[in-house]
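Below is one structure, written out as structure tokens; the observations come after it.
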Amino acid sequence: MILILQADTDKNGREFHQLMEHLSRMNNIQVRVHDEVGALQTLTEIYLVGDTATLQIEDMKNLPCVERVVRVSEEYRVLGRHHDDDRATYFEYNGVRFGQDTLNIFAGLCAVDIPEHVEIMMKALKERGLPCTRMGAYKPRTNPYSFQGHGKECLPYVFELAGKYDIKVIAMEVTHDSHVREIHEALEQTGHPTGVMLQIGTRNTQNFELLKSVGREPELPVLLKRGFGITLEESLNAAEYLASEGNRRVVFGLRGMKTNMGDPHRNFVDFSHVPVVKRLTRMPVCVDPSHSVGSREASPEGIMDVFHVTAQGVIAGANMILVDFHPAPGKALVDGPQALRMDELDFFLEDVRIAREAYEKRVTLAQAHLKSQASAA
Ligand code: PEP
Ligand code: MN
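FYI, the numbering for the sequence shown is 15 to 391, going by my numbering.
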């Protein structure tokens, strides 16, 4: 059960004290307090965990400071959508809004290689008014002898170039909590010219210690990829690990499932789950067409499969696209064969715009239908 308190409740005040006194006297119930600090106000939520079935909503509503009460189901307590739950389905980070109603494009390098390529990418994004990118510094590789990413060595110039080209958020995979520390140090050292969204990759979706430490991260949001060989429920529970430790700024990423059924794609595309994740949780949903498809193959009409699946995700309501681009895919150190070229960026963006417009028209159509049904009833 969640008690949502009146906005800007004073935690030093008498009423809050009375409320906490009361809650602490309840048997077999643990109390966790969480503050959601927004631009205009702070919302305090109190999570009651344990024997809450016998608690009456009306009684809890009458406690001091309480504005609303949400009875949550067992699953996805923090990030889930529950009955009568009107908690936010978005968050803001470094001036960019991430929500179930927005669409952010993170085109960029799968792996940082040389400063020139980073700069070409970021300059192209700035010219098109795009404030986000992907830049891999730590690369988990199947083969131990493959390039593992430049790690912390490249962070200062990546962040400085991001500042130069007005990039507000860089999605960057981390595989260990030391990487998070190094990112913080490099941001500090360069004067915070940009922001970072920590990416937890499909190989680490159930790395619970990593989830817990990133969950305790107070500043940086997280993109959690779905595990490629586990159920959706297991992956959503992994997201809940982050939130239960305190970090609720989580985007959930679909990137295809590992099964030969998807051949010849690298992974079996699962973007039909975009609306499912939006229904079950309050997280924005990302799609990664590059790691799903894994090639530049095109259909006979001249549309690459990467474009096709991007459009499928966007027309189903995706909120973020993580897509590999590279100025010289032949020279890319990781995943060159699936990277789009810079001269394809405008074509890609226009294709996304068309799909997003179609999604918005579909929403308008659905809402008109619901309205006509309601008035007929
Ligand atoms: C990536 O985005 O670079 C990546 C390795 O993705 P995934 O974890 O989905 O394989
Ligand atoms: Mn990759």
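For each residue, glycine too, the CB sits at the ideal point set by N, CA and C.
- Straight-line spacing of the CA atoms in GLU259 and ILE244 works out to 22 angstroms.
- Three or more beta-carbon pairs separated by less than 8 angstroms link the region 57-66 to the region 24-44, which places the two stretches in contact.
- By the beta-carbon neighbour count (other beta carbons within 10 angstroms, threshold 16), TYR152 is buried.
- When rounded, the separation of the alpha-carbon atoms in THR324 and LYS166 is 31 angstroms.
- For ASP127, the shortest C-beta to heavy atom distance toward ligand 2 is 7 angstroms or greater.
- Relative to ligand 2, the beta carbon of VAL348 is positioned inside 7 angstroms of a heavy atom.
- Taken from the Cβ of HIS279, every heavy atom of ligand 2 lies 7 angstroms or farther away.
- Where VAL86 is concerned, there is no enclosing alpha helix (DSSP H), because DSSP gives it neither an H nor an E.
- Judged by the Cβ position, HIS131 fails to qualify as a neighbour of ligand 1 at the 7 angstroms threshold, every heavy atom of the ligand being at least this far.
- When DSSP reads this structure, CYS300 sits in a beta bridge with GLY267 and MET334.
- For THR324, the enclosing alpha helix (DSSP H) starts and ends at 319-329.
- Using a Cβ-Cβ distance cut-off of 8 angstroms, the region 136-149 and the region 164-180 are in contact, since at least three pairs of beta carbons, one from each stretch, lie closer than that value.
- A residue is called buried when at least 16 other Cβ atoms come within 10 angstroms of its Cβ; VAL377 does not meet this threshold and is exposed.
- CYS300 has its Cβ no nearer than 7 angstroms to any heavy atom of ligand 2.
- Going by DSSP, MET211 is part of the beta strand (DSSP E) stretching over 209-214.
- ASP65 and ARG296 have their C-alpha atoms some 25 angstroms from each other.
- Proximity of the beta carbon of CYS124 to ligand 1 is indicated: a heavy atom of the ligand is located closer than 7 angstroms.
- Every beta strand (DSSP E) stretch that sits fully inside the region 121-194 and reaches 3 residues is listed by chain position as 146-148 and 183-187.
- Excluding sequence positions up to five before and after PHE105, its CB lies within less than 6 angstroms of the CB of PHE112 and ARG263, all in the same chain and listed in chain order.
- In the structure shown, PHE242 adopts coil according to DSSP, grouped into three states.
- Counting C-beta atoms within 10 angstroms of its own C-beta, ILE329 has 16 or more neighbours from the protein chains shown and is therefore classed as buried.
- Residue pairing by DSSP places VAL307 in no beta bridge whatsoever.
- Shown here, ALA390 sits in a helix according to DSSP, grouped into three states.
- Assignment of ASN26 by DSSP, reduced to helix, strand and coil, places it in the coil class.
- Between the C-alpha atoms of PRO207 and LEU169 there is a straight-line separation of about 12 angstroms.
- For LEU225, the enclosing alpha helix (DSSP H) begins and ends at 222-229.
- Within the DSSP secondary-structure output, HIS48 pairs in a beta bridge with GLU59.
- Beta-bridge annotation (DSSP): PHE282 is paired with MET271.
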